[in-house]
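With UniProt numbering, letter number 13 in the sequence shown gets 13, and the count goes up by one each step, no holes. Each remark here refers to the structure printed beneath this line.
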Amino acid sequence: MPGSLHVPVDELRARLDEIPIGRPAVVYCHAGLRGLTAARILTRHGRSVRNPDGGWLTWQAGQTRP
């Protein structure tokens, strides 16, 4: 995805300066747990966050298939 940044949740605290404060960050993982953890970390550090419920699996299951 253009403009995206992959930051593993275990590296997130050390890389907070790479996440802009002025625009929402979208976080997700495969099933939702790491995305939730990342969202909590970012929120505690003043970032606006969007975290789709259920992670990638839930999002993908809701997509229309041809």
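Here a beta-carbon is modelled for each residue, glycine too, at the ideal position from N, C-alpha and C.
DSSP state of residue i mapped onto helix, strand, coil
i, result
"Val9", "helix"
"Ala25", "strand"
"Arg40", "helix"
Range of the contiguous alpha helix (DSSP H) that encloses residue i
i, result
"Arg15", "That residue, Arg15, is in no alpha helix (DSSP H); it is neither H nor E in DSSP."
Own chain, CB closer than 8 Å to residue i, minus 5 neighbours either side, in chain order
i, result
"Leu36", "Asn51"
"Glu18", "Leu5, Val7"
Inter-residue spacing [alpha-carbon to alpha-carbon] between residue i and residue j
i, j, result
"Thr43", "Ala61", "27 Å"
"Ser48", "Ala39", "9 Å"
"Leu57", "Ala31", "6 Å"
"Pro24", "Val9", "17 Å"
7 Å CB neighbourhood of residue i in its chain, flanking five on each side removed
i, result
"Arg15", "Val7"
"Leu12", "Ala38, Ile41"
Residue i versus the options, residue with shortest Cα-Cα distance
i, options, result
"Gly55", "Gly46, Val27, His45", "Val27"
Contacts around residue i, its chain only, beta-carbon distance under 6 Å, and the 5 residues preceding and following it disregarded
i, result
"Cys29", "Gly35, Gly55"
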